[in-house]
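Each residue of the sequence shown is one higher than the one before, counting from 0 in numbering that gives the first Met the number 0.
Where a beta carbon is used, it is the ideal one built from N, C-alpha and C, also for glycine.
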Amino acid sequence: MVQAAGIAASSVSFGTALVAICTAMTMIQEKKFTVMLGSICCASSCATLAGICVAVQWLYPWSPSQALVCNIVAGKISSILYCSTVGSVLQFLYSRAMLVDEQARSTTLMKVIQVGIVGVLPFAAFTAAVSRGHVDETFGVCVSHYPVYVAVLFVLATATFSVLLIYKFTASLREHQARLATTDRKSGGVCRDRQRVDVDRHMAAIVPASVLEKIRSDPKVVFADSNTVVLSSDDLDRIKSSSVILSVEDKLRLKQGADDARLSRQTKARERKQRMLELEAARKAQTATTSSIDLEDMEAREALLRKGRAAADEQHDDVKRMNQMVLYAKCVTIRDKQVQQTKQMEAERAEQEKLLDMMMEYERQKAIQRQRETDRKTVQERKKGARTIVEQMAERERIRERERALKAQQGAQLLQQALEREKQAEQDKIRKAKDGVALLATIVAANQEQMRQKQRQKQADQEEDRRIAAYIKEKERRDMERDEQQRRIEEAKERERNKIREAQMKANDHQAEIDALRARRAQEETDRKWRNQQAANARAQAKIQAELAAARDLQRMEKERKMIEQAHMEREQFQAMISMFKEQERSDKDKEAAEKKKRAEYARVLHEQIADLEARRMDRAKVIDMGEQTRREDGAERKKLESIRQAKLAELQKAGVPPKYQAELKRFKVLQSHAMS
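Written out as structure tokens, the structure is:
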């Protein structure tokens, strides 16, 4: 619907352009450079450009790569041109209405219409913003798409404003004509006198006062100024008479007077012609020696005699032979024309079939080109997908390398920390052993000191020694347990680190498997899409081939049907021609039999007459006279038959019979058959 609206708008634009050009030429000739001229020139320009845009959209071979240009031309520029054309036409109608009635400008309706016309500009911008165009790949054309509400609003607003403006213009024009008629009836004479006075004043203004003085003193004076014009009294009277503005009643009265004068002249001319004809008829009637009735009788008798002589001539054997030649020549001429028409039809059919073959070949080449373009796009998409997959795999490989490097670095850090902890534990163990030895030495020294100093307290010291020994033993046991626990912790940490390393390695292997699986799935998806595309292309190709095969079969069947019809028609024509020939031959045989019978009867009568003449006239001179008369009759008969032969040849030439079929009649010798017999 939108495309139809666009085409209709283009047609309206072209029509508006023609009207605009005609009106603009009229206004330019009258030198009325007003708003109407500007609006109508704008309308013609916009309509012409819109027509060019439509021609470019539908005639230029568009491709999908030109979608942006199509959108600009069909969606933006065309919308602005359509709206500008309609706005200019509405402004022209508004100006025309105001030209008839200037007072209507202050009315509310005309103000609203003027605001609506000005609103066409923002509406054009809005239409260009919401409209678009796209390339139809099937036909290679650029199609415009307008929103439905925009098209409906555009059509309704244009129709409403146009109807209102035309109605206002018509009403104002009727009012203006009524006022003019009333004014002319009231003051027709006064206006004419005033116009004559104005004309005299203007004519007097043509020549300056000094020039008028010179003319009064010497009418034959010659002026050097080329801008000075001297008018004679006849020219001045003619200008005055042509410058008078007549009312409607005066024009009707003058027209009625002119019509009456013309009718009077025509009546007088007819009467004069009738008198001349009557005088001529009287003169002929006086000079005629034979009445019209006698002339008619003579002409009828002469016509009857000519007809009888012609019928008698047609019964002659040579004339019949010539008629047979004429009929045969006409028949073969018709047959040649039919053969030529058949050949021409065959040539036209061959040309049509050639054209159909060319169209089918063009469609096939176009389908192959589309298939090649589709295959090329498919290959490009596959290559692009493969490049994307390779890039993704390379990116994931780089990520895995970074993760492996990071994990290796973290493992090295953990190993370094474990080694440092082991070294710290070994140092702590050595330090603790040294502390124990130092403590033991201190205790032994203290015991010795106590043994030297406190002999009395030997039992207490021994007890103390036992307690100290027990304490040291317990402490060593606790240190050993703590070392064993620390060792177990380190082993657990080592096992945990090993587990973490194994888990990291497994995670890396699992991620690689996931990436490989994803790549394999992507490749399978690509292959599946390619297979589906190939299957779709194969189905489309099969459909195209089926359509081509169906078209070829239909064309072959149509060709066979036409050949059968042509053969049937030719057979009917041949049968009709044979029937006509047989009928003609039968008629000729009947006529020939009748003629033979008549000739035999004539010969018998002639022989009887000859015998009677020979019996009655034995005089040699009479016999010689009779021979001379026979020769004269034969010569006259030969001349008559020769003239008939020439008439038959002229008839053949007039009928358009080729010369090769006229040759037999040209070679025909009259009275040869009688001479031979």
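So, under 8 Å CB-CB, residue i and residue j are touching, yes? Tell me the CB distance rounded to an integer number of Å.
i    : j    : result
A49  : T84  : 6 Å
Q370 : Q540 : 7 Å
A123 : S78  : 7 Å
A73  : Q56  : 6 Å
H133 : C69  : 6 Å
R375 : D514 : Going by Cβ atoms, the distance from R375 to D514 rounds to 31 Å, so no, they are not a contact pair.
K647 : M321 : 5 Å
S94  : S38  : 6 Å
V119 : G86  : 3 Å
L80  : C45  : 5 Å
Q554 : L355 : 6 Å
A424 : Q485 : 6 Å
L651 : M359 : The pair is not a contact, with the Cβ atoms about 48 Å apart (cut-off 8 Å).
Y660 : V331 : 6 Å
E569 : T377 : Incorrect: roughly 55 Å between the Cβ atoms, too far for contact.
D482 : K428 : 6 Å
Three-state secondary structure (DSSP) at residue i?
i    : result
R269 : helix
V154 : helix
G50  : helix
R131 : strand
E29  : With a pLDDT of 43 at E29, under the threshold of 50, the predicted position of this residue should be treated as unreliable, though the coordinate-derived value follows. Helix.
H144 : strand
Y59  : coil
G188 : Reliability of the predicted coordinates at G188 is poor, the pLDDT of 46 falling under 50, and the value obtained from them is presented with this limitation in mind. DSSP places G188 in helix when its eight states are reduced to three.
Q454 : coil
F667 : coil
R195 : Legend: pLDDT at R195 = 44, less than 50; position of this residue unreliable, no value from coordinates given.
H606 : helix
P121 : helix
V72  : helix
F580 : helix
G139 : coil
Q661 : coil
S263 : helix
G115 : helix
S682 : Because residue 682 is not part of the residues shown, which for the chain are 0 to 676, the question remains open.
T441 : helix
Q485 : helix
H315 : coil
T106 : coil
V34  : helix
V331 : helix
V656 : coil
G256 : helix
*Within the segment 352-436, ranges of the alpha helix (DSSP H) (whole runs, at least 4 residues)*: none
*Indicate whether the contact test is met: 3 or more Cβ pairs, each with one atom in the segment 387-399 and one in the segment 577-590, closer than 8 Å.*
no
*asked:* Any contact between the segment 354-368 and the segment 596-605? By contact I mean 3 or more CB pairs, one from each, below 8 Å.
replied: no
_the segment 331-348 / the segment 661-668 touching (three or more Cβ pairs under 8 Å)_ = no
_Under 8 Å, with one C-beta from each stretch per pair, do the segment 631-643 and the segment 304-322 reach the 3-pair mark?_
yes
*Can you find at least 3 beta carbon pairs, one from the segment 649-664 and one from the segment 319-335, that sit closer than 8 Å?*
yes
*Contact the segment 348-355 vs the segment 552-565: 3+ CB pairs below 8 Å*: yes
*Determine, using beta-carbon pairs with one atom in the segment 485-493 and one in the segment 414-432, whether at least three such pairs fall under 8 Å.*
yes
*Is the number of C-beta pairs between the segment 434-442 and the segment 521-531 that are closer than 8 Å three or more?*
no
*State whether the segment 382-393 contacts the segment 514-523, with contact taken as three or more CB pairs (one from each stretch) at a distance under 8 Å.*
yes
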